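Reading through the structure tokens given below for one structure.
2 protein chains.
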Amino acid sequence: MGELSAATGVPVPTIKYYLRENLLPAGDRTGPNQASYDAAHVRRLRLIRALLDVGGLSVTTARQVITAVDTPDLPLSWIFGVAQHAVSDTTLYEPLDGDGPGVALVDEAIDRMGWHVHDDNPGRRGAARVLNTYAALGADDLAEISDGYARAAELIARADLAAVAQGGSVSDMSETVVIGTVLGDALVASLRRIAQEHVSFELFPDAVAPVKSQKGRSS
Amino acid sequence: MGELSAATGVPVPTIKYYLRENLLPAGDRTGPNQASYDAAHVRRLRLIRALLDVGGLSVTTARQVITAVDTPDLPLSWIFGVAQHAVSDTTLYEPLDGDGPGVALVDEAIDRMGWHVHDDNPGRRGAARVLNTYAALGADDLAEISDGYARAAELIARADLAAVAQGGSVSDMSETVVIGTVLGDALVASLRRIAQEHVSFELFPDAVAPVKSQKGRSS
DNA sequence: GCATCTGGACAGTTCTACTATCCGATAGTT
DNA sequence: AACTATCGGATAGTAGAACTGTCCAGATGC
Chain A
1236 MGELSAATGV PVPTIKYYLR ENLLPAGDRT GPNQASYDAA HVRRLRLIRA
1286 LLDVGGLSVT TARQVITAVD TPDLPLSWIF GVAQHAVSDT TLYEPLDGDG
1336 PGVALVDEAI DRMGWHVHDD NPGRRGAARV LNTYAALGAD DLAEISDGYA
1386 RAAELIARAD LAAVAQGGSV SDMSETVVIG TVLGDALVAS LRRIAQEHVS
1436 FELFPDAVAP VKSQKGRSS
Chain B
1236 MGELSAATGV PVPTIKYYLR ENLLPAGDRT GPNQASYDAA HVRRLRLIRA
1286 LLDVGGLSVT TARQVITAVD TPDLPLSWIF GVAQHAVSDT TLYEPLDGDG
1336 PGVALVDEAI DRMGWHVHDD NPGRRGAARV LNTYAALGAD DLAEISDGYA
1386 RAAELIARAD LAAVAQGGSV SDMSETVVIG TVLGDALVAS LRRIAQEHVS
1436 FELFPDAVAP VKSQKGRSS
């Protein structure tokens, strides 16, 4: 366990915690108080940290994802679903209660894109809720916005699927799907910040001064 | 305050908490222990909830964003920067410590896209870190992935800027930028899930069965 | 032969975002 | 004018999440 900690930089008590939480499988027992861990454990631990740190998942959600990855012969579409649900583990994706134009806007955008999607895709609820929020805050050109974003989303999805399709074994593919779904969100968000700066420089070549940093003050 | 609570659905103690935390400006005092709140407060409160619930910001980060929105005559690029930093308020965007191919991959992607971006754009660090994580987990076709994502990111950024450009007054534009940056991430993520289902149905028309729901088990 | 290390159990800590209680003052009702 | 309800503010308390620290009996290794 000490080696595992050294190899990954994760403190030993944290590893124990992950074991308790069933994120990490126990090592091969070599005695009543001795166990050995191999490369698979290192890899798994790295995946866990990626899900938690980069993907921002909670421990509970990460456990679901990992359980799914570990389940053999689970169809890829299922893995996709679990990964989607996992990343979608916020208030955003609960059933919609309030009213608003969101659902209709999403339906229209899907129509315009010619997409074929189940009614219970979690993204539908999430997108509808976000659009409701936009509307409540007074944004008006929602159809236009969603179209731009939807085209981008299709590009992303094609890149995702291409990456999965060229993956190796099925269990590798499961991991690829999970990694791609979870890390992809973070990657897109980061690239968006970069692109925003480029495009805004293109449109308004003057006055682009990035902010260094800023701490919150209470009083 | 009771009316404010009724109008927004936010409990009174929570409103008090937001007042304490300087997320919400105090109402117009009509007496030593009486104050009245107007539509601006309702709007602001909705913005706060949007930042916290939909954007997933922490209270501290939300305060920074709101302070920026409230600062008059702040150039738009500054607001963009603050909003970017706010959404980027994770471990992801701290200075890179470890080594990895991330930085180089990001530089190359920016080159290939012909983008013009400052060296200290926070997205650079974030993207580099995500790519490092990908690499550590064994992904190999990183350049290909980042290209697909980068093209999508540019589409998104153009949609963002278009929305901002047609906004009204400067203070409105500040809010538009903030809302767009924060909610946009969530919207893209949701649309991505939808597009993933569509594209995967396109490629593998069989076996697309969405997952209903799943709770984490501890033992 | 003995300090060191291992895994496991369990309690403690830190942080965040609220939530509950109390209080004196005031507004509305009678 | 009396009385109750409510207001805003201050303070303290709570729940959950993610660790982290302490203890202990049993190996390991020089």
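Just so you know, the sequences run in chain order A and B. In terms of the working numbering, the first sequence opens at residue 1236 and continues consecutively. In terms of the working numbering, the second sequence opens at residue 1236 and continues consecutively. A virtual CB, placed ideally from N, CA and C, is assigned to each residue, including glycine. Model, not experiment: these values are computed from the prediction.
Within chain B, partners of residue i - CB distance below 9 Å
| i | result |
| --- | --- |
| residue 1435 of chain A | 1311, 1312, 1315, 1392, 1395, 1396 and 1399 |
| residue 1337 of chain A | Residues of chain B passing the Cβ test: none, with the nearest at roughly 10 Å. |
| residue 1322 of chain A | 1424 and 1428 |
Nearest-angstrom beta carbon gap, residue j and residue i [assumed within contact, 8 Å]
| i | j | result |
| --- | --- | --- |
| residue 1395 of chain B | residue 1361 of chain B | Their Cβ separation, rounded to whole angstroms, is 17 Å, which puts residue 1395 of chain B and residue 1361 of chain B out of contact at 8 Å. |
| residue 1363 of chain B | residue 1399 of chain B | No, residue 1363 of chain B and residue 1399 of chain B are not in contact; Cβ-Cβ is about 27 Å, not under 8 Å. |
| residue 1259 of chain A | residue 1279 of chain A | 6 Å |
| residue 1372 of chain B | residue 1414 of chain A | 6 Å |
| residue 1429 of chain B | residue 1388 of chain A | 7 Å |
| residue 1435 of chain A | residue 1435 of chain B | So it is not a contact: roughly 34 Å between Cβ atoms. |
| residue 1353 of chain B | residue 1432 of chain A | 7 Å |
| residue 1318 of chain A | residue 1309 of chain A | Rounded, the Cβ-Cβ distance is 11 Å, inconsistent with contact. |
| residue 1247 of chain B | residue 1262 of chain B | Residue 1247 of chain B to residue 1262 of chain B, Cβ: 13 Å. No contact. |
| residue 1321 of chain A | residue 1289 of chain A | Incorrect: roughly 13 Å between the Cβ atoms, too far for contact. |
| residue 1233 of chain A | residue 1348 of chain A | In the structure displayed, chain A extends from 1236 to 1454; residue 1233 of chain A sits before or after that span and is not available. |
| residue 1391 of chain B | residue 1383 of chain A | 7 Å |
| residue 1365 of chain A | residue 1421 of chain B | 5 Å |
| residue 1335 of chain A | residue 1367 of chain A | 3 Å |
| residue 1245 of chain A | residue 1423 of chain B | With a Cβ gap of about 31 Å, residue 1245 of chain A and residue 1423 of chain B do not count as contacting. |
| residue 1253 of chain B | residue 1283 of chain B | 6 Å |
| residue 1426 of chain A | residue 1337 of chain B | In fact, because the Cβ distance is near 12 Å, the residues do not count as touching under 8 Å. |
| residue 1381 of chain B | residue 1344 of chain B | 4 Å |
Residue i: contacting residues in chain A (beta-carbon distance under 7 Å)
| i | result |
| --- | --- |
| residue 1466 of chain B | Outside the displayed span of chain B (1236 to 1454) sits residue 1466 of chain B, for which this structure offers no information. |
| residue 1378 of chain B | Per Cβ cutoff of 7 Å: no residues; residue 1378 of chain B is ~12 Å from chain A at best. |
| residue 1242 of chain B | The premise fails here: residue 1242 of chain B is roughly 12 Å from chain A at the closest Cβ pair, so nothing lies under 7 Å. |
According to DSSP, residues forming a beta bridge with residue i
| i | result |
| --- | --- |
| residue 1264 of chain B | B:1270 |
Closer than 8 Å at the beta carbon, the chain A residues around residue i
| i | result |
| --- | --- |
| residue 1389 of chain B | 1430, 1433 and 1434 |
| residue 1259 of chain B | The premise fails here: residue 1259 of chain B is roughly 14 Å from chain A at the closest Cβ pair, so nothing lies under 8 Å. |
| residue 1250 of chain B | What residue 1250 of chain B touches in chain A: nothing, since even the nearest Cβ is about 17 Å away. |
| residue 1438 of chain B | 1396 and 1400 |
| residue 1269 of chain B | By Cβ distance, chain A contributes nothing, its closest Cβ being about 23 Å from residue 1269 of chain B, past 8 Å. |
| residue 1386 of chain B | 1390 |
Partners in chain B for residue i, counting only beta-carbon separations shorter than 7 Å
| i | result |
| --- | --- |
| residue 1409 of chain A | Correct list: empty, because the minimum Cβ distance to chain B is about 13 Å. |
| residue 1425 of chain A | 1358, 1361, 1362 and 1365 |
| residue 1253 of chain A | Under the 7 Å cutoff, chain B gives no residues; its nearest Cβ is about 13 Å from residue 1253 of chain A. |
| residue 1281 of chain A | 1371 and 1372 |
Within chain A, partners of residue i - CB distance below 9 Å
| i | result |
| --- | --- |
| residue 1420 of chain B | 1420, 1423, 1424 and 1427 |
| residue 1383 of chain B | 1390, 1391, 1393, 1394, 1395, 1397 and 1398 |
Contacts that residue i makes with chain B (C-beta to C-beta distance below 8 Å)
| i | result |
| --- | --- |
| residue 1347 of chain A | Near residue 1347 of chain A there are no residues of chain B at all, since even the closest Cβ is about 12 Å away, more than 8 Å. |
Quick check on the DSSP output: what are the complete alpha helix (DSSP H) runs of length 4 or more inside the stretch 1270-1349 of chain A, in order along the chain? 1274-1284, 1294-1305, 1311-1322 and 1337-1348
Members of the stretch 1349-1372 of chain B that neighbour chain A once the beta carbon cut-off is set at 9 Å: 1349, 1350, 1351, 1352, 1353, 1355, 1356, 1357, 1358, 1359, 1360, 1361, 1362, 1363, 1364, 1365, 1366, 1368, 1369, 1371 and 1372
So within the stretch 1344-1429 of chain A, which uninterrupted alpha helix (DSSP H) runs reach at least 4 residues, ignoring any that extend past its ends? 1357-1371 and 1377-1400
In the stretch 1283-1294 of chain A, which residues sit with their C-beta less than 7 Å from some C-beta in chain B, listed in chain order? 1285, 1288, 1289 and 1291
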